[in-house]
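Using the numbering used here, you'd call the opening residue of the sequence shown number 6 and step up by one each time. Using N, Cα and C, we set each Cβ at its ideal position, and we do this for glycine too. This report refers to the structure that appears directly beneath it.
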Amino acid sequence: MHSFPTHILFPALTPKPVSLPLFSGKVSAGFPSPADDYIEKTLDLNELLIQKPAATFFVRAEGESMLGAGIHPNDILVVDRSLEPVPGRIVICALNGELVVKRLKRQTGQWLLGSENPAYRDIVLLEELEVVIWGVVTSVIHPV
6 MHSFPTHILF
16 PALTPKPVSL
26 PLFSGKVSAG
36 FPSPADDYIE
46 KTLDLNELLI
56 QKPAATFFVR
66 AEGESMLGAG
76 IHPNDILVVD
86 RSLEPVPGRI
96 VICALNGELV
106 VKRLKRQTGQ
116 WLLGSENPAY
126 RDIVLLEELE
136 VVIWGVVTSV
146 IHPV
C-alpha cells in the first residue's frame with residue numbers, strides 16, 4: 006500500500022486568471038506536419054482543471070500502484086470532493102489513517118480498492134478496515 010504525503014494543497018480562493026494561447030492545430034506524435042499559425046482561443050488552466058473550487062484539492066502521488074491509470078510518482082492529482090465515488094472512479098481515501106489512491110471497484114457483492122499495476126493486489130474492504138473516501142480524482146498533472 007502506498008501513501009501520500011500528509012500535506013494537501015488547495016486551489017486559491019480567488020485564483021488569478023492566467024490565459025495562455027491554445028493553438029487550433031493538433032501536434033503530430035508521428036511525422037512532422039505543417040503547423041497552423043493562428044491561435045484558436047486562450048485557455049485558463051483553472052477553468053480546465055477545476056470545476057468546483059470549494060470542493061477541490063490537490064495531492065501529490067507517491068508509489069507505483071496506479072501506473073496503469075497514468076498516475077506516476079510525484080504527479081499532482083486534482084481531487085473533487087463533490088463527486089460521487091462510484092465503482093470505476095479513481096478515489097483518494099484514508100485507509101486505516103493512511104491516504105491512498107485506488108480505483109473503486111465492486112465485484113461479487115464486495116467493495117475493493119483496486120491497483121492499476123499487476124505487482125500490487127487489490128484491497129478488499131472488510132468491516133474491520135476504517136475507510137473514508139475523501140474525493141474523486143478528476144485530473145492528473147504529469148510532468149514529462
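Check, Outcome
"By Cβ distance, which residues of its chain are closer than 7 angstroms to Ile81, with the 5 residues on each side in sequence left out?", "Phe63, Arg65, Ile146"
"So for Asp41, helix, strand or coil by DSSP?", "With a pLDDT of 48 at Asp41, under the threshold of 50, the modelled position of that residue is not reliable, and the figure given next carries that caveat. If DSSP states are grouped into helix, strand and coil, Asp41 belongs with coil."
"Let's test the definition: count the other Cβ atoms within 10 Å of the Cβ of Val84 and tell me whether it reaches 16, buried, or not, exposed.", "buried"
"Closest to Asn122 by C-alpha separation, out of Asp49, Ala74, Leu130, would be which residue?", "Ala74"
"Per DSSP, Thr61 forms a beta bridge with which residues?", "Asp85"
"Would you mind reading off the limits of the beta strand (DSSP E) that contains Leu117?", "115-119"
"When you compare each of Gln56, Met71, Asn51 to Ala124 by their alpha carbons, which one comes out closest?", "Met71"
"Please classify Glu132: does DSSP put it in a helix, a strand, or coil?", "coil"
"What residues in its chain sit with their C-beta under 6 angstroms from that of Leu118, if we drop five residues either side in the sequence?", "Lys107, Ile128"
"Are the beta-carbon atoms belonging to Gly140 and Arg86 less than 7 angstroms from one another?", "yes"
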